Amino acid sequence: MLEQIDIESLVIVEYPSPVLRRKCEPISDFDDQVKRLAIRMCELMHSRKGVGLAGPQVGLPLRIFVWNPTGGPGDDYVSINPILSDFDGLAEGDEGCLSIPDVTVQVRRAVSAKLTAYDVEGSLYEIVGQDLMARIWQHETDHLDGRLILDFQSPGEEIAHRKILKELTAKYQKANPSKRASTSKSRRR
Ligand code: ZN
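Under my numbering, residues 5 to 193 are what the sequence shown spells out, in order.
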C-alpha cells in the first residue's frame, strides 16, 4: 500500500480519525519507501517533541513505529512488525499521545519487556528495556492494534477530558465533512 503514498506530505493525524482504531497490517517489503517513511515519522516525532510515533498516527495502518527515549540525535529507533514479550513488573505512569493533544492518562504498564522487531533493512533485532523505554514500546504497540490511552481512562479522567475530546471531534469533522469520525465508546479493560 506504500507505493502510492507521498511520504513527504504525511502529517500526524488526530483523534477521532478512524485509522487510529484500525488493526494494522504487517510490512512485507523492506524497500526505499519504508526507509523514507521511517525518516518522515522520525521528523514528525521530533517536530512535536514526542518519544514515539506509530504508523496509524500518520494515517497508515501499518505495523511500524519509531521511538527515541532521550530526544537526542542518534537515538532514533525504527521497529517494524514488533512483538513484545517477557513482561515483568507493573507501574503506573502518565502518558500523553501526539494524536490526542492536551490529554494525559495514567496507564499501568509492565516495567520491563523484550522488543523483537525488524529494522528498515529487514534485519531482526531484540532489545530488553525498562521503564520509559518499555512504556514507549507498549504505548506504540497498542497503536498498532487500534488501542489508545483513552481506553485506560479512569471515570475521573473521562470527565476531565470530555471537553477537549469534544473539541477534537468538532475539529476533525470540520476538516473531514464527508468522513464519519469513530467516536464509539472506547473499549475498557
Ligand atoms: Zn500515542
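Just so it is clear, CB atoms sit at the ideal spot from N, CA and C, and this is done for glycine as well.
Remember, it's a predicted structure, so these values are computed and weren't measured experimentally.
Three-state secondary structure assigned by DSSP to residue i
i: PRO57; result: Just to set this straight, residue 57 is Leu in the shown sequence, not Pro. Of the three classes helix, strand and coil, the one that applies to LEU57 here is strand, per DSSP.
i: SER13; result: helix
i: PRO86; result: strand
i: ASP135; result: helix
i: LEU104; result: First, the amino acid is wrong: residue 104 is Ile here, not Leu. Residue state, collapsed to three classes: coil.
i: GLU47; result: helix
i: ILE168; result: helix
i: GLY97; result: strand
i: THR145; result: helix
i: LEU152; result: coil
i: GLU161; result: helix
i: ASP36; result: helix
i: GLN110; result: strand
i: ILE140; result: helix
Residue i vs residue j beta-carbon contact at 7 Å
i: ALA138; j: ALA117; result: yes
i: CYS46; j: ASP79; result: no
i: TRP141; j: LEU88; result: yes
i: ALA179; j: VAL124; result: no
i: GLY126; j: PHE34; result: yes
Own chain residues within Cβ distance below 6 Å of residue i, not counting five before or after
i: LYS156; result: Residue identity check: residue 156 is Phe in the sequence provided, not Lys. Once the five neighbours on either side are set aside, the close Cβ partners of PHE156 are VAL109, VAL111.
i: SER83; result: PHE69, ALA121
i: HIS147; result: ALA58, PRO60
i: GLU161; result: VAL109
i: LEU136; result: PRO73
i: ARG113; result: ARG139, GLN142
Sequence-distant residues of the same chain with beta carbon closer than 7 Å to residue i, five excluded per side
i: ASP98; result: THR108, GLN110
i: ILE168; result: ASP106, VAL107
i: PRO65; result: VAL23, ARG26, CYS28, GLU29, GLY59
Beta-carbon proximity list for residue i, same chain, < 8 Å, skipping 5 on both sides
i: GLN37; result: LEU6, GLU7, ILE9, ILE11
i: ARG44; result: ILE11, GLU12, LEU14, VAL62
i: VAL17; result: VAL23, LEU24, PRO60, GLN61, VAL62, GLY63, SER103
Is the number of C-beta pairs between the stretch 62-73 and the stretch 102-118 that are closer than 8 Å three or more? In this structure the stretch 62-73 does not touch the stretch 102-118; the number of beta carbon pairs closer than 8 Å is below three.
Is the stretch 164-175 close to the stretch 124-131, with three or more CB pairs under 8 Å? Taking 8 Å as the limit for Cβ pairs, the verdict is that the stretch 124-131 does not touch the stretch 164-175.
Does the count of Cβ pairs from the stretch 95-104 and the stretch 51-64 closer than 8 Å reach three? With contact defined as three or more Cβ pairs closer than 8 Å, the stretch 95-104 and the stretch 51-64 are in contact.
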